[in-house]
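Just below is one structure, and these are the notes that go with it.
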Amino acid sequence: MTIELESKPMPLLLRALTIMTVLGFATTLYLGLFAAGTDIQQGDVQRIFYIHMPSFFGAFTAFGLTVLGGVLALARESDKWDKIALAGVEVGLAFALINLLTGSIWARPIWNTWWTWDPRLTSAAVMCLTYAAYLMLRAGIEDANRRRAFMSVYGIFAFVTVLITLFIIRIVPDTIHPVIVGASPQNAQGSFEATSGVVLALLPSMALWLTVMPITLIWHRYRLEERREGLDRLKLKLLSE
Amino acid sequence: MKTSYLETVLAIAGKDLRVELRSRELISVMAIFALLSILVFSFALELDRAAREETVGGVLWVTLIFASLLGLNRSLAQEYDLGNLDALLLAPAPRSAIFVGKFAGNALFTGLVGLLLLPLMTALYGMNLLDGRLILTALVGVFGFCAVGTLLATMTAQTRAREALLPIAMLPLALPFLLTAVRATKGILTGAAEWQVWFQLLAGITVIYFVLCLLLYGYVVEE
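Quick mapping for you: the protein sequence lines, in order, are chains L and R.
44 is the number that my numbering gives to position 44 of the first sequence; each next residue is one higher, with no gaps.
The number in my numbering is simply the position in the second sequence, starting from 1, with 1000 added.
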């Protein structure tokens, strides 16, 4: 008996997106690491910013897709959108961890510490924990319909932590985290000006991390989830024979 | 005869209250836990006068949230274990009314623990916590996180590792309440005017969460 796992060919659009992501990442790395000028005060470590801020917005897109997936999964009882929501959480969590890690590496020379319990840093960490809790909760629910409903609800709620992280700088004035777009808080440490050189390297990177990159990764993750389910069905079939 | 929305809510909350009045299980467990918690905090943090002013808000709110977790777990688990939730779902009642009913019971018990903690901490920590503004803040905060808690406990009560999962699911989502409520409490205790900003934020978050819970509750009890 031969067993075959059904597999759909990769859509042309996904191929194009994948190539765009790889080329785009290489280009923005070049722009950030070589083309942009060195910061006069912070030196080369400032270049990490070209990844740090875009990665947060990548997480924003991914978690936003989780909300969209959750709403549609609830409204249409659709498993497809539930899988997209799950993919959004995993990709977003990876991006959010990149964001924390790069921030930490930057903070070591600039703030003289890896970590500080600043409101924004705390809320970013809480955001990561919320989505980690999403994955744990998801693993604890066996019934597929129940899982879809619960996780959609949780995914919608979890987005509150993303919004808090985004806006906390404007609400809580005693943060030391700098704001690059608009005026920095009074106590911000390590601000730098968004000169034309910075903007030139930042904009392409933002565009890539905000749109193409999360969508491509989520799509791949979605296909992986579909194949995993195919495998489960196959196992079930084998067992029943 | 059609039961009105309010009657449904009151019936469900009344049922929880009657069960509690007969067994006194939840409120005694929550109260003893809360008492232990503030004692443990005062030993663990070795609070002197100056440190107390800084931390008393945090101790109050962490204790309240953990105490509410105890109550929430029990409150929803008993609905599932005895099959009462199925009966509630069969009744021609709006899902949101079931939510408000369960929420009202939980908020009442947690609120009572909060009202018990305030004079107790006033006596034990030597600071005046019996302030009208602080009581208001406590009630709004309890209102808010009990709403999220009721929704999440309904979800986790249906999973395998229910007691373990509720804190993991709830603590990150309760953080906005903790953050604003602690700041408001600190502002009130130190006489800073900025407590109003924090209180308004807390009230705003509470409204948003409560509406979200009302809208989404139907999805987590559906079979």
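C-beta atoms are modelled at their ideal positions from N, C-alpha and C, and glycine is treated no differently.
All values derive from a computational prediction rather than experimental measurement.
For residue i, name the three-state secondary structure that DSSP assigns.
i	result
ASP39/L	strand
PRO119/L	helix
LYS237/L	helix
LYS1015/R	helix
LEU1082/R	coil
ASP44/L	helix
ASP232/L	helix
ILE180/L	coil
GLN189/L	coil
ASN1073/R	helix
ARG1024/R	coil
SER152/L	helix
GLU142/L	coil
TRP219/L	helix
TRP114/L	coil
THR1159/R	coil
SER7/L	coil
ALA1091/R	coil
Distance check for residue j and residue i, CA to CA, integer angstroms please.
i	j	result
ILE1027/R	ILE1065/R	14 Å
LEU1201/R	ALA1097/R	26 Å
THR21/L	LEU1108/R	53 Å
PHE1041/R	LYS8/L	58 Å
LEU1212/R	LEU31/L	43 Å
ARG1022/R	LYS1015/R	11 Å
ILE156/L	CYS128/L	15 Å
THR1180/R	ASN1073/R	25 Å
TRP1195/R	ALA16/L	53 Å
PHE63/L	GLY92/L	6 Å
LYS237/L	VAL153/L	32 Å
TYR226/L	GLU77/L	Reading the sequence as shown, one finds Glu at residue 226/L and not Tyr. Roughly 17 Å between the two C-alpha positions.
ASP1131/R	THR1150/R	28 Å
LEU163/L	THR1154/R	25 Å
Considering just the uninterrupted stretch of the alpha helix (DSSP H) at residue i, what are its terminal residues?
i	result
ASN99/L	79-110
GLU1163/R	1162-1190
LYS987/R	Nothing about residue 987/R can be reported from this structure: the residues present for chain R run from 1001 to 1223 only.
LEU29/L	12-30
VAL1148/R	1132-1156
SER55/L	49-76
THR1206/R	1195-1221
LEU200/L	196-207
For residue i, which of the options has the nearest alpha-carbon?
i	options	result
GLY1114/R	LEU1060/R, GLY1187/R, LEU1201/R	LEU1060/R
ILE1189/R	GLY1105/R, LEU1118/R, SER1023/R	For the sequence presented, residue 1189/R should be read as Leu rather than Ile. When only C-alpha atoms are compared, the closest one is LEU1118/R.
ALA133/L	TYR1219/R, PRO1167/R, LEU1130/R	PRO1167/R
GLY190/L	ALA144/L, PRO178/L, VAL89/L, LEU29/L	PRO178/L
TRP81/L	GLY140/L, LEU65/L, THR38/L	LEU65/L
ALA1174/R	VAL1142/R, GLY1126/R, THR1156/R	VAL1142/R
LEU202/L	ALA16/L, LEU74/L, GLY24/L	GLY24/L
THR165/L	ALA96/L, MET213/L, LEU29/L	ALA96/L
PHE1210/R	PHE1177/R, ARG1024/R, GLY1187/R, LYS1186/R	PHE1177/R
THR28/L	PHE49/L, VAL45/L, MET10/L, ASP39/L	PHE49/L
ARG1162/R	LEU1070/R, GLY1083/R, ILE1038/R	LEU1070/R
THR195/L	THR18/L, GLY37/L, ILE110/L, PRO204/L	GLY37/L
LEU1152/R	GLY1132/R, VAL1220/R, THR1185/R	VAL1220/R
LEU101/L	TYR222/L, ARG148/L, ALA124/L, LEU68/L	ALA124/L
LEU1010/R	LEU1139/R, ALA1044/R, LYS1102/R	LYS1102/R
Who are the Cβ neighbours of residue i in its own chain at under 8 Å, not counting the five residues just before and after it?
i	result
THR130/L	ALA158, THR161
GLU1020/R	LEU1026, ILE1027, GLY1105, PHE1109
TRP115/L	SER104, ALA107, LEU121
THR216/L	LEU14, LEU17, THR18, MET20, THR21
LEU1216/R	LEU1151
Going along the chain, which residues of its own chain have a beta-carbon closer than 6 Å to the beta-carbon of residue i, five neighbours each way excluded?
i	result
PHE56/L	ASN99
MET53/L	none
ARG1183/R	TRP1198
Who are the Cβ neighbours of residue i in its own chain at under 7 Å, not counting the five residues just before and after it?
i	result
SER1004/R	none
THR1063/R	ALA1034, SER1037, ILE1038, LEU1117
GLN46/L	ASP39, PHE192
Are there any heavy atoms of the ligand ATP lying less than 7 Å away from the beta-carbon of residue i, as far as the coordinates show?
i	result
TYR30/L	The ligand ATP is absent from the structure shown, which contains no ligands of any kind.
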